[in-house]
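Mapping the sequence shown onto numbering that gives the first Met the number 0, position 97 (from 1) lands on 96, and the numbers just tick up by one.
One structure below.
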Amino acid sequence: MITVGVTGGIGSGKTTVCKEWEKLGANVVYADDLAKELMVTDDRLRESLIEAFGEDTYHPDGRLNRPHLIHQAFEEGRVEELNQLVHPAVARKFVEISNEAKQAGEEMVVEEAALLLNNGRPENLDLVVIVRSDREDRLERVSKRDSVSKKKVMDRDENQPDFNKLTHLADYTIENNGTLEDLRKKSIQLYHKIIQEYGGEKNSGVF
Numbered sequence: 000m001i002t003v004g005v006t007g008g009i010g011s012g013k014t015t016v017c018k019e020w021e022k023l024g025a026n027v028v029y030a031d032d033l034a035k036e037l038m039v040t041d042d043r044l045r046e047s048l049i050e051a052f053g054e055d056t057y058h059p060d061g062r063l064n065r066p067h068l069i070h071q072a073f074e075e076g077r078v079e080e081l082n083q084l085v086h087p088a089v090a091r092k093f094v095e096i097s098n099e100a101k102q103a104g105e106e107m108v109v110e111e112a113a114l115l116l117n118n119g120r121p122e123n124l125d126l127v128v129i130v131r132s133d134r135e136d137r138l139e140r141v142s143k144r145d146s147v148s149k150k151k152v153m154d155r156d157e158n159q160p161d162f163n164k165l166t167h168l169a170d171y172t173i174e175n176n177g178t179l180e181d182l183r184k185k186s187i188q189l190y191h192k193i194i195q196e197y198g199g200e201k202n203s204g205v206f
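In structure tokens form, the structure reads like this:
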């Protein structure tokens with residue numbers, strides 16, 4: 000079994016790549032979705048969040064108080080503090096999912112995460128793929144998708160890495176500056192290339 004990390008800036012198309020891979024049989028873990036789940040279900044993480052951000056982090060019925068946490072993280076400048084608590088929990092769970100997938104005989108497990116390379120290349124991944132797209136295209140896509148202003152998208156983008164400076168950490172780079180169909184075709188090509196070539200020498204490349 001092979002473990003692959005897929006990353007890229009907001010609106011780069013990394014989720015589209017992963018959705019195509021899911022159709023082909025990959026087990027994809029979306030880090031943002033997993034983080035939201037763990038902030039409610041992981042007792043260890045819950046305790047850490049309450050200690051850091053206060054009792055208001057959760058509603059009395061146990062639900063995550065997202066407005067409070069978003070305010071603390073983004074308006075109080077504590078994004079990195081939040082990441083330092085959540086990311087280790089996500090990493091632990093991904094290892095658990097990967098082990099279960101290996102035992103089940105699955106051929107590929109994927110972690111889709113915008114902040115995958117924040118602390119260098121993760122040691123638990125066999126391959127890393129970066130999806131890149133021109134910034135203006137990314138801002139336009141997300142603005143339309145989320146019905147928000149480009150300014151808000153820019154603010155979110157500024158909290159993410161500059162992936163043009165991280166390509167040395169990736170085995171493959173997918174350039175997404177064409178149509179959606181172009182991206183889907185590149186995604187399918189790369190999936191089959193990885194499945195076919197893994198086990199031999201890994202050749203880096205741009206798609």
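From the three backbone atoms N, C-alpha and C, an ideal C-beta is built for every residue, glycine too.
Keep in mind the model is a prediction, meaning the values are calculated, not measured.
DSSP state of residue i mapped onto helix, strand, coil
{"i": "T178", "result": "coil"}
{"i": "R131", "result": "strand"}
{"i": "N236", "result": "The displayed coordinates of the chain run from 0 to 206. Any statement about residue 236 would go beyond what the structure contains."}
{"i": "L81", "result": "helix"}
{"i": "L126", "result": "strand"}
{"i": "E196", "result": "helix"}
{"i": "M0", "result": "coil"}
{"i": "H36", "result": "According to the sequence displayed, residue 36 carries Glu and not His. Note: E36 maps to helix in three-state DSSP."}
{"i": "N98", "result": "helix"}
{"i": "V16", "result": "helix"}
{"i": "N26", "result": "strand"}
{"i": "V109", "result": "strand"}
{"i": "V152", "result": "helix"}
{"i": "V208", "result": "Since the first residue of the chain shown is 0 and the last is 206, residue 208 is not available in this structure."}
{"i": "I187", "result": "helix"}
For residue j and residue i, the rounded distance between their alpha carbons
{"i": "S132", "j": "N163", "result": "10 Å"}
{"i": "L37", "j": "F52", "result": "16 Å"}
{"i": "G106", "j": "I194", "result": "For the sequence presented, residue 106 should be read as Glu rather than Gly. So the alpha carbons of these two residues sit roughly 8 Å apart."}
{"i": "L168", "j": "V16", "result": "19 Å"}
{"i": "E247", "j": "K184", "result": "Lying outside 0 to 206, the shown extent of the chain, residue 247 is not represented and no answer is given."}
{"i": "K201", "j": "I1", "result": "For K201, the predicted structure reports a pLDDT of 46, less than 50, and the residue's modelled location is therefore unreliable. The matter cannot be settled from this model."}
{"i": "K13", "j": "A88", "result": "22 Å"}
{"i": "A90", "j": "L84", "result": "11 Å"}
{"i": "G199", "j": "I173", "result": "Because G199 carries a pLDDT of 38, less than 50, the predicted location of this residue cannot be relied on, and the following value inherits that uncertainty. Their backbone Cα atoms lie some 21 Å apart in a straight line."}
{"i": "L189", "j": "D55", "result": "45 Å"}
{"i": "L126", "j": "L116", "result": "12 Å"}
{"i": "K151", "j": "T40", "result": "30 Å"}
{"i": "R137", "j": "D32", "result": "21 Å"}
Residue i versus the options, residue with shortest Cα-Cα distance
{"i": "R134", "options": "G4, G10, V94", "result": "G10"}
{"i": "G177", "options": "L116, L33, K18, V130", "result": "V130"}
{"i": "N175", "options": "H191, N117, K192, V128", "result": "V128"}
{"i": "G119", "options": "G24, K92, L165, K151", "result": "L165"}
{"i": "E122", "options": "R140, S148, A103, V94", "result": "V94"}
{"i": "V5", "options": "R144, Q159, D145, L124", "result": "L124"}
{"i": "G61", "options": "G76, H70, R45, L68", "result": "R45"}
{"i": "E196", "options": "L179, R77, Y171", "result": "Y171"}
{"i": "G104", "options": "G24, D156, R144", "result": "G24"}
Using 8 Å as the Cβ pair cut-off and three pairs as the minimum, do the segment 15 to 28 and the segment 105 to 113 touch?
-> yes
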